[in-house]
Amino acid sequence: MAETARNTPGWFVVLIWTLSLTTLGAAGWALLAAWRRRHEHPTEGRRAQASCLAVFAVPTLLMGLFFLSWAIGIS
-18 MAETARNTPG WFVVLIWTLS LTTLGAAGWA LLAAWRRRHE HPTEGRRAQA SCLAVFAVPT
42 LLMGLFFLSW AIGIS
């Protein structure tokens, strides 16, 4: 695999892109799960949705965006 202009190893670029896409996919999955839970259990759905977003989705989304910006920066 060819190296980028900044002499970043190709395997590292692939690793960072994989991490960014995986974490953003996990965040999307968490958002979808929270949305479905809200509609399945209307009485406790908002509490479950808020806890899912606070505990999993938002931190994962931020980490995924960090990896994505890093991947774009080294590509």
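Using our numbering, the letters of the sequence shown correspond one by one to residues -18 to 56. Quick reminder that beta carbons are idealized off the backbone N, C-alpha and C, glycines included. As the structure is a computational prediction, the values presented were derived from the model and not from experiment.
Residue environment, residue i, which counts as buried when at least 16 other CB atoms sit within 10 Å
i, result
"A31", "exposed"
"S50", "exposed"
"T4", "buried"
"S56", "exposed"
"F48", "buried"
Closest Cα partner of residue i within the set the options
i, options, result
"T41", "T(-1), G6, L13 and H20", "G6"
"L77", "N(-12), L(-4), L34 and L2", "The chain is shown from -18 up to 56; residue 77 falls before or after that span and cannot be answered."
"A15", "G(-9), N(-12) and V36", "V36"
Rounded Cβ spacing between residue i and residue j (contact assumed at less than 8 Å)
i, j, result
"A8", "G45", "6 Å"
"I(-3)", "A52", "4 Å"
For the stretch -10 to 56, list the alpha helix (DSSP H) runs that are entirely contained and at least 4 residues long, ordered along the chain.
-9 to 21, 26 to 33 and 39 to 55
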